[in-house]
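**Q** Per our numbering, residue 78 is the first one in the sequence shown, and the count goes up by one each step. Think of the CB as a built atom: it goes at the ideal place given N, C-alpha and C, for glycine as much as any other residue. Since the model is a prediction, treat every value here as computed from it, not as a measurement. The structure is given below, and queries will be raised subsequently.
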Amino acid sequence: MATFIVLLGPPGVGKGTQAKVLADMTKFAHVSSGDIFRENLKNQTELGKVAKSYMDKGELVPDDVTIRMIRDRISHPDCGSGVILDGFPRTPAQADALEKMLSEFNGHVDAVPYITATEDILIERIGGRWSCRAQGHIYHQKFSPPKQAGVCDVDGSELFQRDDDKVETVAKRIHVYLEQTIPLVDYYRGKGKLFEIDGTQAVEQVTEKLLAALKR
Ligand code: AP5
Ligand code: MG
Numbered sequence: 078m079a080t081f082i083v084l085l086g087p088p089g090v091g092k093g094t095q096a097k098v099l100a101d102m103t104k105f106a107h108v109s110s111g112d113i114f115r116e117n118l119k120n121q122t123e124l125g126k127v128a129k130s131y132m133d134k135g136e137l138v139p140d141d142v143t144i145r146m147i148r149d150r151i152s153h154p155d156c157g158s159g160v161i162l163d164g165f166p167r168t169p170a171q172a173d174a175l176e177k178m179l180s181e182f183n184g185h186v187d188a189v190p191y192i193t194a195t196e197d198i199l200i201e202r203i204g205g206r207w208s209c210r211a212q213g214h215i216y217h218q219k220f221s222p223p224k225q226a227g228v229c230d231v232d233g234s235e236l237f238q239r240d241d242d243k244v245e246t247v248a249k250r251i252h253v254y255l256e257q258t259i260p261l262v263d264y265y266r267g268k269g270k271l272f273e274i275d276g277t278q279a280v281e282q283v284t285e286k287l288l289a290a291l292k293r
């Protein structure tokens with residue numbers, strides 16, 4: 078049976094960064110709802126156009142659209158041994174829908190690492206982030222700079238700053254997170270799946286804590 082890990086935490090805390098490390102180590106699929114929306118945006122699909130209207134405002138894309146997209150993604154063969162969900166679920170309705178869809182695959186959410194940091198840290202991390210066009214590799218101008226400015230170390234593609242990383246939009250995203258996603262902390266804690274990870278330290282230290290907790 079496939080393993081399902083849900084990475085929970087505020088915008089900019091390092092979910093994508095840690096998901097990539099975990100996916101490399103475990104060979105589980107890294108499924109990031111934000112990355113799938115951005116991919117659709119790049120390819121100018123209908124889904125991308127719908128998503129953009131919400132993402133630009135820092136709001137959540139409607140549940141029905143998001144749930145359908147994730148259901149489709151996790152039914153792909155590369156998700157057969159395990160999935161690291163990054164940015165989904167983000168509302169109680171999405172969490173319920175996830176539970177139902179996983180029960181169809183005879184699976185369930187195995188663990189929910191909840192990564193935390195202060196708002197100052199989130200803003201500093203988002204402000205210095207650069208992402209790669211081709212595969213979403215993540216850099217930070219101060220904490221993990223690429224070898225050559227503007228170029229991805231891994232695949233040589235161009236690095237860009239996300240449209241929704243403008244100061245006003247970030248404030249809105251944090252507000253939306255506190256309002257709509259925070260309820261999932263109690264939801265998963267109540268199920269005994271949640272463990273909190275201090276995300277304020279360097280990437281490698283956060284990874285160490287994450288791995289130690291997942292082993293337990
Ligand atoms: P999404 O793309 O998921 O954005 P997010 O949740 O706001 O999170 P981020 O991707 O900004 O941060 P992260 O935690 O991944 O941090 P990262 O590793 O990059 O969603 C974007 C939008 O899509 C949403 O606003 C919404 O509109 C829509 N959407 C997505 N999912 C949805 C859903 N389920 N339902 C509805 N709508 C949805 O790290 C940040 C920076 O910090 C990087 O520069 C990195 O290098 C650096 N860094 C990371 N860790 C450390 C560390 N430990 N020390 C120092 N620097 C670090
Ligand atoms: Mg991310």
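Give a single yes or no on whether residue 220 has its beta carbon closer than 7 angstroms to a heavy atom of the ligand AP5.
**A** The count along the sequence shown starts at 1 and reaches residue 220 at position 143. Residue 220 Cβ: within cutoff of the ligand AP5.
**Q** Check whether the region 106–124 touches the region 154–170, counting contact only when three or more Cβ pairs, one atom from each stretch, lie closer than 8 angstroms.
**A** Yes, they touch.
**Q** Compute every distance between the C-beta of residue 274 and the non-hydrogen atoms of the ligand AP5, then say whether any falls below 7 angstroms.
**A** Working through the sequence shown from its first residue, we reach residue 274 at position 197. No, Cβ of residue 274 sits at least 7 angstroms from all heavy atoms of the ligand AP5.
**Q** Examine the ligand MG and report whether any of its heavy atoms sits within less than 7 angstroms of the Cβ of residue 101.
**A** Within the sequence shown, the letter at position 24 stands for residue 101. Not under cutoff, so the answer is no.
**Q** Rounded to the nearest angstrom, how far is the Cβ of residue 90 from that of residue 284, given a contact under 8 angstroms?
**A** Indexing the sequence shown from 1 puts residue 90 at position 13. Indexing the sequence shown from 1 puts residue 284 at position 207. Residue 90 to residue 284, Cβ: 13 angstroms. No contact.
**Q** Quick one: residues in its chain with C-beta nearer than 6 angstroms to the C-beta of residue 227, no 5 flanking neighbours on either side, listed in chain order?
**A** Here residue 227 is taken as the residue at index 150 of the sequence shown, counted from 1. Around residue 227: 236.
**Q** Tell me, to the nearest whole angstrom, how far the beta carbon of residue 248 is from that of residue 229; I am working on the premise that it is less than 8 angstroms.
**A** The sequence position of residue 248 within the sequence shown is 171, counting from 1. The sequence position of residue 229 within the sequence shown is 152, counting from 1. Actually they do not touch by this definition, with Cβ atoms about 28 angstroms apart.
**Q** State yes or no: is the C-beta of residue 109 nearer than 7 angstroms to some heavy atom of the ligand MG?
**A** As a working mapping, residue 109 is identified with position 32 in the sequence shown. Correct: residue 109 has its Cβ closer than 7 angstroms to the ligand MG.
**Q** Using the DSSP secondary-structure output, state which residues sit across from residue 190 in a beta bridge.
**A** Position 113 of the sequence shown, counting from 1, holds the residue named residue 190. Beta-bridge pairing links residue 190 to 272.
**Q** List the whole-angstrom C-beta distance separating residue 241 from residue 133, where the pair is believed to meet the contact cut-off of C-beta under 8 angstroms.
**A** If you number the sequence shown from 1, residue 241 lands on position 164. If you number the sequence shown from 1, residue 133 lands on position 56. About 7 angstroms; that satisfies the 8 angstroms criterion.
**Q** Please classify residue 195 as buried or exposed, where buried requires at least 16 other C-beta atoms within 10 Å of its C-beta.
**A** The residue labelled residue 195 in the question sits at position 118 within the sequence shown. Label assigned to residue 195: exposed.
**Q** Measure the CB-CB distance between residue 279 and residue 182 and report whether it falls below 8 angstroms.
**A** Taking the first residue of the sequence shown as position 1, residue 279 is located at position 202. Taking the first residue of the sequence shown as position 1, residue 182 is located at position 105. No, the pair does not count as a contact, with Cβ atoms beyond the cut-off.
**Q** Between residue 213 and residue 202, what straight-line distance do the alpha-carbon atoms span, to the nearest angstrom?
**A** In the sequence shown, residue 213 corresponds to position 136, counting from 1. In the sequence shown, residue 202 corresponds to position 125, counting from 1. If you take the alpha carbons of residue 213 and residue 202, they lie about 16 angstroms apart.
**Q** Extract the residue ranges of the beta strand (DSSP E) inside the region 218–288, only unbroken runs of 3 or more that lie entirely within it.
**A** Whole beta strand (DSSP E) segments, 3+ residues: 271–275.
**Q** Can you tell me which of the three DSSP states residue 290 falls into?
**A** As a first step, residue 290 must be located in the sequence shown, where it is residue number 213. The answer is helix: DSSP assigns residue 290 an H, G or I state.
**Q** Helix, strand or coil: how does DSSP classify residue 141 here?
**A** For the purposes of this step, residue 141 is taken as the residue at position 64 of the sequence shown. Reduced to three states, the DSSP call for residue 141 is helix.
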